[in-house]
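Visitor: Numbering (my numbering), first residue to last: 677 to 791.
Ideal Cβ positions, reconstructed from N, Cα and C, are used throughout, including at glycine.
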């Protein structure tokens, strides 16, 4: 079982930046594919960024060029640097861990982009 704890959410103005962090448990963190998903009110959850064990990254088109995912295996932490934020980025952001046999989701952290 993997536990994921997100932090770093909050209120930010359009055009601003935030960095989310996710602390993970699990002995084999370094081999997990980690990611970030989000869910906006009234919408389905979507995965916006992933990073593999080899540090290959993938992004949803909606965030490409604005969000950057990274990981620190020694700290068992994954980050999401968000820039040029838009009101439509408002959502609960979740950390994800794909361990092969299952995908775990954290409890989420709220990000609100508003003036």
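Which of helix, strand or coil does DSSP assign to residue 670?
Guide: Nothing about residue 670 can be read from this structure; the chain reaches only from 677 to 791.
Visitor: If we ignore side chains and look at the alpha-carbon of each, how far apart do residue 765 and residue 745 end up?
Guide: If you take the alpha carbons of residue 765 and residue 745, they lie about 16 Å apart.
Visitor: My understanding is that residue 729 touches residue 709, with C-beta atoms under 8 Å, so please give their C-beta distance in whole angstroms.
Guide: Their Cβ separation, rounded to whole angstroms, is 7 Å, which keeps residue 729 and residue 709 in contact under 8 Å.
Visitor: Might you give, ordered along the chain, the residues of its own chain that have their beta carbon closer than 7 Å to the beta carbon of residue 706, omitting 5 neighbours on each side?
Guide: 729 and 749.
Visitor: Does the distance from the C-beta atom of residue 752 to that of residue 701 stay below 9 Å?
Guide: Yes; because the gap between Cβ atoms is below 9 Å, this pair is in contact.
Visitor: Indicate the three-state DSSP secondary structure (helix, strand or coil) for residue 737 in the structure shown.
Guide: Residue 737 falls in the coil class under three-state DSSP.
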